Each structure stands twice: as structure tokens, then as C-alpha cells.
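Below is one structure, written out as C-alpha cells; the observations come after it.
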Amino acid sequence: MHDASRRRMMSPAAARNRQPILDVLSLVLPEHARVLEVASGSGEHGVHFARAKPGWMWQPSDPNSEARISIGAWREHSGLGNLLDPVPLDVMSVWPSGPFDAVVAINLVHISPWEATEALVARAAERLVEGGVLFLYGPYRRDGRHTAESNAAFDADLRARDPRWGVRDLERVVSEAQPHGFMLEQAIEMPANNLSVVLRLHP
Ligand SMILES: C[S@@+](CC[C@H](N)C(=O)[O-])C[C@H]1O[C@@H](n2cnc3c(N)ncnc32)[C@H](O)[C@@H]1O
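If you want my numbering, it's the position in the sequence shown, counting the first as 1, plus 2.
Below, the structure written as C-alpha cells:
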């Protein structure tokens, strides 16, 4: 196998969920948008979205250097001019200055300590334009309950791996975001018992 293709990590979940997520983002974001993606992981989402939406300037990021190598390899392979080089962003540390029309976090909130979500909403609010969107994707509890048995099992597995991780209550995330100026615009049910959560910054 060629070296460059070895650097491009592949996530089966990303291959499955990227089109449903793109369908939601296409409804929520304008045709021209500066987007910061945090926790980009393999980088496959950014390639898919930037290819479909030439008007989106997509900035991927991840604190993990192996992830950034994969994101960079996917970027190079894609040849897309609207997909930028990944930056080493830990949401709990220093952020790029922005401004951004959207901040996208796919599968981060449940696979990081709660403090990461606190930092995510606070820093995103500072860098988004008025009316900008914080988009979250992943599993959530609603009204104090898991929405599916599989999510309960996933939650137990996450907490066993790291007690600071876990499937969050949607209401808790929204309460955390509201004082920073966000309102919950939509919580859309997605395949495999996930949610697309659209938080919009009040003008
Ligand atoms: C489950 S992966 C999700 C990757 C990708 N978004 C996806 O859905 O395929 C979680 C990612 O979050 C990143 N991550 C963990 N803690 C983070 C933090 N504090 N700030 C930013 N990213 C973080 C990890 O490096 C990892 O790439």
C-alpha cells in the first residue's frame, strides 16, 4: 500500500453518518460559510462536506497528531481548495480567532470530560458571528432517559473506559449553552439513535 493511503484513517461510522449529517447541515448553514470543525478525527467528514459544498470554507482540527496526519492526508488526496490544513485544537485550550459562521463537533461531547463541553460552548460563542450555529452530533439522553437500549450500553462502555466520559443529557447541554447566548433551534433524530443538535447564537 502506498504511504499516503496508509495515513488516511477510515471510520466505518463516519462513512455511514456523513451523508445524513450533511443533509442537516445543508438546511442549517448558508451556501457560503466559514466552518470550524473540532475533533475532526479521521477527517472524512470534512472531505465529504467540503466536496459537496464549495461555498463552505472548512477548517478541520484535532488535538491528536495522528488524527491531524490523517486529516492532512485526506485533504491532500481530495485536492479541495475549500478544505484547510488541520490545526491542533484542544477545545479546552487556545482557539483560532475566527470569526466563524459555524462550529461543528461530531462525536465529541460524550467522548470527553464535561469540562470540554463547557469550554466548547463558551469558546464557540466568542468566535461565532451573530446568528452563527454550534452543531453537535452524537447520542443524548432526553428527559433523564436513554433513548435506546444500545445507547445505555454504549454509555456504560464509555464510562468504563473513562469515568469522565458518558452520554449527556440534552437538557444539561442546552442549559450550559443558554447563558452564552445560544438557543436550541432543533434537535433532529438521526440514524442509530443519534441526534443532530442545532444551537444558534442569538443576534
Ligand atoms: C470519537 S472521535 C470523533 C471523530 C470524528 N468527529 C468522527 O465522528 O468520526 C473523538 C475525537 O475527539 C477528539 N478530542 C478529544 N478530546 C478533545 C478535546 N478536548 N478537544 C478537541 N478534540 C478532542 C479526539 O482526538 C478524537 O479525534
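We put the beta carbon where it would ideally sit given N, CA and C, even for glycine.
None of these values were measured; they are calculated from a predicted model.
Selected residue, minimal CA-CA separation from residue i, among the options
i: Gly-183; options: Ala-118, Val-123, His-79 and His-112; result: Val-123
i: Val-106; options: Asn-19, His-204, Leu-29 and Val-199; result: Val-199
i: Trp-116; options: Asn-84, Glu-151, Asp-164 and Ser-7; result: Asp-164
i: Leu-203; options: Thr-119, Arg-36, Ala-179 and Arg-161; result: Ala-179
i: Asp-145; options: Glu-128, Gly-133, Glu-173 and Pro-32; result: Glu-173
i: Arg-143; options: Ala-189, Arg-77 and Arg-20; result: Ala-189
i: Ala-15; options: Ser-99, Asn-109, Leu-85 and Ser-67; result: Asn-109
i: Val-96; options: Leu-85, Arg-129 and Asn-84; result: Arg-129
C-beta contact flag for residue i and residue j at 9 Å
i: Gly-74; j: Pro-65; result: no
i: Gln-61; j: Leu-38; result: yes
i: Phe-102; j: Arg-10; result: no
i: Ser-63; j: Ser-42; result: yes
i: Glu-33; j: Lys-55; result: yes
i: Trp-58; j: Asn-84; result: yes
Any chain B beta carbon closer than 9 Å to residue i
i: Trp-60; result: Looking at the structure shown, chain B is missing, and only one protein chain is on hand.
Contact belief for residue i with residue j at Cβ below 8 Å, rounded distance in angstroms
i: Phe-137; j: Val-40; result: So it is not a contact: roughly 10 Å between Cβ atoms.
i: Val-135; j: Leu-201; result: 7 Å
Neighbourhood of residue i by C-beta, 6 Å cutoff - its chain only, sequence neighbours within 5 removed
i: Val-175; result: none
i: Gly-133; result: Pro-205
Residues of its chain near residue i, where Cβ-Cβ distance is below 7 Å and the 5 sequence neighbours each way are ignored
i: Val-111; result: Thr-119, Leu-138, Gly-140, Arg-170 and Val-175
8 Å CB neighbourhood of residue i in its chain, flanking five on each side removed
i: Asn-195; result: Pro-141, Thr-149, Ala-150, Ser-152 and Asn-153
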